[in-house]
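A short worksheet on the structure shown next.
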Amino acid sequence: MLAPRAHLIRRDAGMTLVEVMMVIFIIGLATTVAVMTLPPRERPEARVLREVEAALMQAQDRAVLTGEVIGLQQTETGFELLSWTGEEWLPLQGGTLRLPDGVDVEILPPEDQRRAGQAAPERIVFNPLGRAEPVTLAVSWQGWSERVELNPDGEVANDAGL
Numbered sequence: 105m106l107a108p109r110a111h112l113i114r115r116d117a118g119m120t121l122v123e124v125m126m127v128i129f130i131i132g133l134a135t136t137v138a139v140m141t142l143p144p145r146e147r148p149e150a151r152v153l154r155e156v157e158a159a160l161m162q163a164q165d166r167a168v169l170t171g172e173v174i175g176l177q178q179t180e181t182g183f184e185l186l187s188w189t190g191e192e193w194l195p196l197q198g199g200t201l202r203l204p205d206g207v208d209v210e211i212l213p214p215e216d217q218r219r220a221g222q223a224a225p226e227r228i229v230f231n232p233l234g235r236a237e238p239v240t241l242a243v244s245w246q247g248w249s250e251r252v253e254l255n256p257d258g259e260v261a262n263d264a265g266l
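What follows is the structure, encoded as structure tokens:
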């Protein structure tokens, strides 16, 4: 004979405390993993350097993709892209590269040319292969300054470690 149903222990619908604690533990574990894998917050100085480097790389990319000699002329608000026609430099349409407010960039000759007393070039020039004359850029912003080197391969190097 079967036991009457009234004697069966009826379990209420819902979750036990152990189940709730396990869910909270899993959510906490997932959050910890997500936070640990986030990149560190970028310092403002690193952002300024990255934007200057991006302007240089954009000019280099344009020179390689179009097969033109591209110049980067410094302006009050950033840089202007110029194209060499064989006789003169002409501004490119949409060729203004703005830098953040307060960022000052000064084009300097390489160290050996500075010692020899040579003046800084008027513009940075990239040939159709993406190569450039080596120059040093003095980047300053809100009392902070750093020097960035543009090597003959058109690659940017800085010592900031930012």
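For the sequence shown, this note's numbering begins at 105 and goes up steadily by one.
C-beta atoms are modelled at their ideal positions from N, C-alpha and C, and glycine is treated no differently.
All figures in this text were calculated on a predicted structure; none of them were measured in a lab.
#1: Less than 6 angstroms between C-beta atoms, sequence neighbours within five positions excluded: which residues of the same chain meet that for SER244?
#2: When the Cα atoms are used, what is the spatial distance from ILE228 to GLN222?
#3: For the stretch 205-258, which segments carrying the beta strand (DSSP E) assignment without a break, of at least 3 residues, lie completely within its bounds, in sequence order?
#4: Between the beta-carbon of ALA163 and the beta-carbon of ILE174, is there less than 7 angstroms?
#5: For the stretch 199-218 and the stretch 138-146, state whether three or more C-beta atom pairs, one from each stretch, are separated by less than 8 angstroms.
#6: By Cβ distance below 8 angstroms, which residues in the same chain neighbour ILE128 in space, the five residues on each side in sequence not counted?
#7: Is it the case that the Cβ atoms of SER187 and LEU194 are separated by a distance below 7 angstroms?
#8: Which residues in the same chain have their Cβ closer than 7 angstroms to the Cβ of ILE211, if we skip the five residues on either side of it in sequence?
#9: For my contact list, LEU203 and THR181 are in at a C-beta cut-off of 8 angstroms; report their separation, rounded to the angstrom.
#10: Put THR189 into one of helix, strand or coil per three-state DSSP.
#11: Just the Cα atoms here: how many angstroms apart are GLU192 and GLN246?
#12: Taking a contact to mean a Cβ-Cβ separation below 7 angstroms, would you say PHE230 touches ALA167 in this structure?
#13: Per DSSP, which one or two residues make a beta bridge with GLU184?
#14: Closer than 8 angstroms by C-beta to GLU172: which residues in its own chain qualify, once you throw out the five before and the five after it? Chain order, please.
#15: Which word fits LEU185, buried or exposed, when buried means at least 16 other C-beta atoms lie within 10 angstroms of its C-beta?
#16: Extract the residue ranges of the alpha helix (DSSP H) inside the stretch 117-146, only unbroken runs of 4 or more that lie entirely within it.
#17: Which stretch, first to last residue, makes up the alpha helix (DSSP H) that contains GLU149?
On the basis of the supplied data:
#1: ASP208
#2: 15 angstroms
#3: 208-212, 227-230, 239-245, 248-254
#4: yes
#5: no
#6: none
#7: yes
#8: GLN178, ALA224, PRO225, ILE228, VAL239, LEU241
#9: 7 angstroms
#10: coil
#11: 36 angstroms
#12: yes
#13: GLN177, THR200
#14: ARG166, SER187, TRP188, PRO232
#15: buried
#16: 121-141
#17: 148-170
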